[in-house]
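Contents: one structure, followed by commentary.
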Amino acid sequence: MDIWSWLGKLKAELRESGKGQAVDSLDRMLQHIFNLEVTQAQALLPEVKALAKTVGNPWLEVFVGHWEMRNRVGSLLEGETALAQVVTLFERANREDARQCPQSVCVTQDLVSCYANVDGAGWAEERIAVCDETLQRLDPSWGCFSCISYEKADAMLDDGRPEDALAFLDEQQDKILAAGQPNHDCMHEVRIATLLQLKRPEQAWAVMAEWDAGVKGHEWPTERQQRLMYKAQVLAQLQHDDEAWALLLAEDELIPRYRLFWLCALEELLRRAPERNTQALAKLLQKVIEQHDRNGAHRLVIQVAAISIPLALQREDLAQARHHLKLARTHIGQLRRDRGAQTLLESLARQIDATCSQGETTLR
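Mapping of the sequence shown onto full-length UniProt numbering: position 7 corresponds to residue 7, and the numbering continues sequentially without gaps.
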């Protein structure tokens, strides 16, 4: 059953029963999520969850829970702070009265995504196993087949297996096309991410051109930010710097998910434009790392520190470099598996020490 067709019928029934105001709130919440208005979406959530509870419809409970997690886990990149609720939602979605709901499969994506936010590399094996089990139950003509395929390929990247991820994506794409379906944006995204990790920007650009060509009519802000930030990363690797800089959206336009992509493009561009490594960027990096810290996104804190510390040293901001190293170290013990994190932080610490030593030599 198509989830949106089912929802349309349910909303009509709820309006007839006098619950029109709550249905309007549900519609507004979804609009806010699609428009990346995360705060406004969160504000409407209590009323929408109350509606689901009052109606007593298991499918509606799962639907609302999934979209709450798309906002929190997908857009805001919450990790540990959302994990307990995601696990509860996953258990709810797999009870007998909700298992046939089309959105139940999407809750599997919420669960896998949340573990990716907590510690993508540390939970990679478990994420792959969950995706494999789920894919066995999905038809390639369903949209969720692409979503779960994306999650598996993303986990394979976190597992350090980009060549395997690319081979897997080829297999899944063949199945999707054979089922008469087009490639979804998420499949373009993860293929580009894979090719960039393999340092094949020319091939990534070919995928990007296909993605751009598929944009027709209205493009939701979430789709636009996703596409433009990946395009900026590809252009940066191709060293088409002017075009890449022009694509970088203003920081305050971006949700945390796409701000991370923005930061990856920026890191590459700043190698050739160090004069743009300003104090304004320092403030942004502070905001990004603190948000991941609050959300319990342990590996993401370390990944941001790996970008921010060299940039801080470049602009002689030892205070920020030391602070970000100290913050990253507090997350080491909360990783599922180390996967090179300790070695990375030791390397960053040596860079800080070397900069301090050079400063002392200069003073002498």
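Yeah, the Cβ is synthetic: ideal placement off N, Cα and C, and Gly gets one too.
What is the DSSP secondary structure of residue i, counted as helix, strand or coil?
i	result
P201	helix
H32	helix
A84	helix
N277	coil
D170	helix
R364	Per-residue confidence for R364 stands at a pLDDT of 33, beneath the threshold of 50, marking its modelled position as unreliable; no derived number is given.
W220	coil
W123	coil
A236	helix
E78	coil
G340	coil
G180	coil
D139	coil
A165	helix
Just to confirm the assignment, what range does the alpha helix (DSSP H) spanning residue i have?
i	result
C144	143 to 158
D241	241 to 247
L308	As written in the sequence, residue 308 is Ser, which differs from the Leu given in the question. It spans 298 to 314 - the alpha helix (DSSP H) in which S308 sits, taken as one unbroken run.
Q215	Reading the sequence as shown, one finds Val at residue 215 and not Gln. It is not in any alpha helix (DSSP H) - V215 carries neither H nor E in the DSSP assignment.
R329	318 to 332
N117	103 to 119
P256	256 to 270
H66	58 to 69
G8	3 to 16
Q42	38 to 55
How about residue i and residue j: are their beta carbons less than 7 Å apart?
i	j	result
L60	A50	no
Q334	H298	yes
I192	A206	no
V107	L89	yes
V38	L76	yes
D317	A280	no
H188	W211	yes
P221	A179	no
T81	G296	yes
L14	V48	no
L194	A167	Here residue 194 turns out to be Thr, not Leu, going by the sequence shown. It is not a contact, given that the beta carbons lie outside the stated cut-off.
G122	R339	yes
In its own chain, which residues sit with a C-beta less than 8 Å from the C-beta of residue i, not counting the 5 before and 5 after it?
i	result
W6	W59, P102
D241	L235, L269, R272, A273
L363	Caution applies to L363, whose pLDDT of 36 falls short of 50 and renders its modelled position unreliable; the model cannot decide the point.
A98	P58, W59, E61, V62, R92, S104
Q342	I332
R95	P58
Which same chain residues, not among the five before or five after residue i, have their C-beta less than 6 Å away from its C-beta?
i	result
E16	none
D119	H298, R299, L335, R336
V190	Y150, A153, D154
V112	R127, V130, E151
Whose C-beta lies closer than 7 Å to the C-beta of residue i among residues of the same chain, with five residues either side of it excluded?
i	result
L284	E251
residue 365	The structure shown does not extend to residue 365, since the chain is modelled only from 1 through 364, so no value can be given for it.
H66	Q103, C106, V107, D110
P310	Q351
A306	L344, L348
Flag residue i as yes if its beta-carbon sits less than 7 Å from any beta-carbon of chain B, otherwise no.
i	result
K216	Looking for chain B here will not work: only one protein chain is present.
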